[in-house]
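For the protein sequence lines, the chains are A and B, in the order given.
Under this note's numbering, the first residue of the first sequence carries the number 1, and numbering increases by one thereafter.
Under this note's numbering, the first residue of the second sequence carries the number 312, and numbering increases by one thereafter.
All C-beta atoms in this analysis are idealised placements derived from N, C-alpha and C, irrespective of residue type, glycine included.
Encoded as structure tokens, the structure appears first; notes follow it.
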Amino acid sequence: MGVASERLPGRKVKPKGMSGAWGSIRSEFNDPEKRTAYWMILPTTLIVLLVAAWPILYAVWLSLQRILPNTTEWVWFSNYSRMFSDPVFYSALSNTFLFTVISVFFEFTLGLAIALALNKSFRGQGLARGIAIIPWAFPTVVSGAMWRLFYQDEVGIFAALASGLGYEGVILANDASVLIGAIVSDVWKTTPFVALLLLAGLQTIPDDVYEAARVDGATKWQQFMRVTLPLLKPAILVALLFRTLDAWRVYDLFWSMSDRQLDSLSTYVFEFVRVSQADFSIGNAAAVFVFVSSIVIAFVFVKVLGVREEA
Amino acid sequence: MSGMNRRDFLKYSGAGILGASVLSSCSRVASGFTGAETVPEGTLVFSHGPDSSGTIPKVIDKFNKENKDGLTALYRQAPADSGQYFDKLRTEFQAGSATTDIISGDVIWAAQFGPNDWIMDLSDRFTDEMRSEFLEPTLETNTFDGKIYGVPWFTDVGMLYYRTDLMEKAGIDAPPKTWDELMGMAREVQEKTGTQYGFLFQGAEYEGGVVNGLEFIYNAGAEVMPPDDPTKIVIDQGDADKGLAMQQRLVVEGVAPEAVATWKELETQDAFIKGNAVFMRSWPFVYGTILGGKETGSELKPEQVGIAPIPTLAEGDESFSGQGGWNFFINAATKKADDCFKFIEYMIQPEIQAEFAVGASFLPPRASLYEDEKLLKDQPVIELAKDLVTRAKPRPRHPFYSDMSLVMANEFNSVIKSDSSPEEAVSTLQGELERFANLGAEVYDL
């Protein structure tokens, strides 16, 4: 390190008369070792910029223009204001919001119960774990189409059950009941995924912690509240983050189950970007909205609930 | 990059949805629908959706064997879903990469592709003399802003199916002419025969639902867009709301089941051919299913079923049928336009159209075939449709039809579900459609 340390005083002298930032950049690149380091991370940086940053900035840039078949016009935020004044956008937003909150709540509570049950050792444990994961292995479009049949008024078992219980409407012809149906399907399908993540978390908790708790006279409930939950927190937050972001971007389940009748934020984007010819740009704005809101959700999980620190 | 238009945008970045942009520019490399097949020099590429009857490959084989002027053609299968097919073509056109010479297209596409110069103006090639042999509605739908962009291949019309046997049991001898008559008859027949449903139509939020809703509007004597002026919307000037109110009433009063709000062609056909309905609005293909008997799942025999024009709101009004059907377009980018038109001329010959009518149950757009004794015997649906094909009325023809259709599908469906009133729907439609009409006038200089 002799060379580097010899240069150190010189480096402090050189920036004199230059602006601070420029000076420090210059000194960084004057150091051959650091220069090599920069060269080595350059390809990675370029690739990250190309595949992640560029498309995002490009989409934002596009969302500020009005793009018609033969013309393009810079319109600042008018696409956003048109989106925010569209009633369909609000129904898509509220569908997505309700779907996310309710389905993630049930997936978490049921998933935790299943994980706790599967964490006990019993005969046929492997088989039980295998069976529990089956719904999750279905492609979403397949399970969506399957659940649509369950709700269909002519052949559906849930439709028959509902009418047996005195429900007079047609499940698939009512937005609210279609949304409930979508939530039920999603809970059925993704609870195993949450259970799997939580089970993995449970297995990292060493037995001696429980032993110590028992020695101190903790009840089962106290063990769960004071030992299991705190130690499971990293796994819980990861599971919630995954599920919330996934649910927020829901697309395939809604459209396969409701035959393109139920709107989510993502189907809203699709309709404008792929179907509409006059309001294409609103779709760009909506795509940016989905992206930014997802970032906000992730940020809340990471910063406020502290996924990173705990994990 | 300030002069960027939508075409360039697609060229550089594909769909442009976050993250996918870079990868999707690869779609320019993939050619056509099925990927990388090599097309021999001098072969015309023709695209259409899958044909379960096998008639299209048969006719194209024939064309290739005759090899007139050394021409051969290749059938490239397009997606079965016409919305997907449309989207695929549009993306290819915008990216300047369409590799299909002759494109089969839905009736609404001429006005959507033509003004963008993606398909050729055929006004000179498809001469008046040739046109005079075709049914007027099939030509009208291919015309936009005074130019004709497509040559009719086959036509499709909405029709009222009714159960002759059940009506007879109830002592009714003629199909209904108005919606009120239909309601009365449906109730009477249901009462006497215990039939589950009175009337079925396609009410889901999709293109077929748009056609159904338009039929109720047209048959109330109203219009959405004047046939010769794509810059105006007139839905609020007639009795369109009364037409939609009738559609809503059919459901509210239980003549049609509430579930029609989610039903498309297959669900309605299914219930009808099982014998569970007195009346059904659908397309000619259902008759083919009924002719197929047990093999195609029909529990009805052809003699139990009659076909009539769609009822009207007021007695004595003219009945209109929603129009469907497919046409031949020529890709504006092809270098073989003359050869393409020769292919089209081959396909629209009376003999070939008769072959499609028998083999694939395509209703011919050529008027003379409805008088052809041999064809009437070989394909009974022609006889039944004869009275209907001339009543066909196109959907609004407009470059922004996709946008208009989204709004109409949404509004018509919410009226059926009683989520909004017919008056509300009409006033929303007037405003929304007008916005697209004005934008179209501005962008396409109409």
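For residue i, decide whether its Cβ has a neighbour in chain B, counting only Cβ atoms nearer than 8 angstroms.
i       : result
F301(A) : no
R260(A) : yes
G181(A) : no
G23(A)  : no
P69(A)  : yes
G164(A) : no
A92(A)  : no
A160(A) : no
A173(A) : yes
D252(A) : no
V141(A) : no
V170(A) : yes
D153(A) : yes
Assign residue i to one of three DSSP states: helix, strand, or coil.
i       : result
E534(B) : coil
I183(A) : helix
I483(B) : coil
T219(A) : coil
T607(B) : helix
R677(B) : strand
F150(A) : helix
T466(B) : strand
N119(A) : helix
W594(B) : coil
V227(A) : helix
Y251(A) : coil
E753(B) : helix
D417(B) : strand
Y268(A) : helix
K704(B) : strand
F639(B) : strand
A567(B) : coil
Quick one: is residue i near chain A, going by C-beta distance under 8 angstroms?
i       : result
F510(B) : no
S332(B) : Note on S332(B): pLDDT 32, under 50, position unreliable in the model; the coordinate value appears next. Yes, because at least one Cβ of chain A sits closer than 8 angstroms to the Cβ of S332(B).
D439(B) : no
T427(B) : Note that residue 427(B) is Asn in the sequence shown, not Thr. It does: the Cβ of N427(B) has a partner Cβ on chain A nearer than 8 angstroms.
D392(B) : no
L400(B) : no
L757(B) : no
F747(B) : yes
L355(B) : no
L750(B) : yes
R339(B) : With a pLDDT of 31 at R339(B), under the threshold of 50, the modelled position of that residue is not reliable, and no figure is offered here.
M478(B) : no
Give every residue of the same chain whose Cβ lies closer than 6 angstroms to the Cβ of residue i, excluding the five residues on either side of it in the sequence, and list them in chain order.
i       : result
S364(B) : G670 and A671
S103(A) : I183, D186, V187 and A247
L229(A) : none
Keeping to the same chain, check which residues put their C-beta closer than 7 angstroms to that of residue i; ignore five residues upstream and five downstream.
i       : result
Q152(A) : A159 and L172
N642(B) : A409, T411, D412, I414 and I430
G520(B) : Q513, G514, A720, F723 and N724
A703(B) : P448, T466, V468, S632 and Q634
T345(B) : Since pLDDT at T345(B) reaches only 46, below the 50 mark, its modelled position is unreliable, and the value read off the structure follows with that caveat. Here the set comprises R387 and Q388.
Does residue i have its Cβ less than 8 angstroms from a Cβ in chain E?
i       : result
V754(B) : This model lacks chain E altogether, as its protein chains are A and B.
Within the chosen definition, does the region 160-170 of chain A reach the region 564-580 of chain B through at least 3 CB pairs nearer than 8 angstroms? At 8 angstroms Cβ cutoff, the stretches touch.
Quick one: which residues of the region 715-739 of chain B get their C-beta closer than 7 angstroms to a C-beta of chain A? List them in chain order. The region 715-739 of chain B vs chain A, Cβ under 7 angstroms: L717 and K728.
Listed in chain order, which residues of the region 615-631 of chain B have Cβ atoms closer than 9 angstroms to some Cβ of chain A? Answer in chain order: no residues at all.
Tell me, please, whether the region 65-72 of chain A touches the region 737-757 of chain B by the rule of three or more beta-carbon pairs shorter than 8 angstroms. As far as the Cβ criterion goes, the region 65-72 of chain A touches the region 737-757 of chain B, which means the pair count is three or higher.
If the cut-off is 8 angstroms on Cβ atoms, which residues from the region 270-284 of chain A count as contacting chain B, listed in chain order? Listed by position, the residues of the region 270-284 of chain A near chain B (Cβ gap below 8 angstroms) are E271, V273, R274, V275, S276, Q277, A278, D279, F280 and N284.
Under 9 angstroms, CB to CB, which of the residues in the region 684-713 of chain B have a partner in chain A? Within the region 684-713 of chain B, contact with chain A at the beta-carbon level (separation under 9 angstroms) is assigned to P710, F711, Y712 and S713.
In chain order, what residues of the region 507-537 of chain B put their CB closer than 8 angstroms to some CB of chain A? Result list: A515, E516 and Y517.
Proximal residues, the region 560-581 of chain B versus chain A, C-beta separation under 7 angstroms: Within the region 560-581 of chain B, the qualifying residues are E569, A570, A572 and T573.
Residues, ordered as in the chain, of the region 651-682 of chain B that lie near chain A by beta-carbon distance below 9 angstroms: In summary, no residue of the region 651-682 of chain B has a CB separated from any CB of chain A by less than 9 angstroms.
Stretch pair the region 470-480 of chain B + the region 617-624 of chain B: three plus CB contacts closer than 8 angstroms: As far as the Cβ criterion goes, the region 470-480 of chain B touches the region 617-624 of chain B, which means the pair count is three or higher.
Does the structure place the region 235-250 of chain A close enough to the region 185-205 of chain A that three or more beta carbon pairs sit under 8 angstroms? The region 235-250 of chain A and the region 185-205 of chain A touch, with three or more beta-carbon pairs separated by less than 8 angstroms.
Indicate whether the contact test is met: 3 or more Cβ pairs, each with one atom in the region 261-270 of chain A and one in the region 727-744 of chain B, closer than 8 angstroms. Flag = no, the region 261-270 of chain A and the region 727-744 of chain B do not touch.
Below 8 angstroms, how does it come out for the region 219-229 of chain A and the region 41-57 of chain A: are there three or more Cβ pairs, yes or no? No, because fewer than three Cβ pairs between the region 219-229 of chain A and the region 41-57 of chain A fall closer than 8 angstroms, the two stretches do not touch.
Examine the Cβ distances between the region 81-100 of chain A and the region 278-285 of chain A and report whether three or more of them are shorter than 8 angstroms. Touching, per the Cβ criterion.
Using 8 angstroms as the threshold, is the region 389-405 of chain B in touch with the region 435-451 of chain B, meaning 3 or more CB pairs across them? With a cut-off of 8 angstroms, the region 435-451 of chain B and the region 389-405 of chain B do not count as touching, because too few Cβ pairs lie within range.
At a cut of 8 angstroms, does the region 587-605 of chain B reach the region 527-543 of chain B through at least three beta carbon pairs? No, because fewer than three Cβ pairs between the region 587-605 of chain B and the region 527-543 of chain B fall closer than 8 angstroms, the two stretches do not touch.
I want to know whether the region 700-718 of chain B touches the region 415-427 of chain B - three or more CB-CB distances under 8 angstroms. The region 700-718 of chain B vs the region 415-427 of chain B: in contact.
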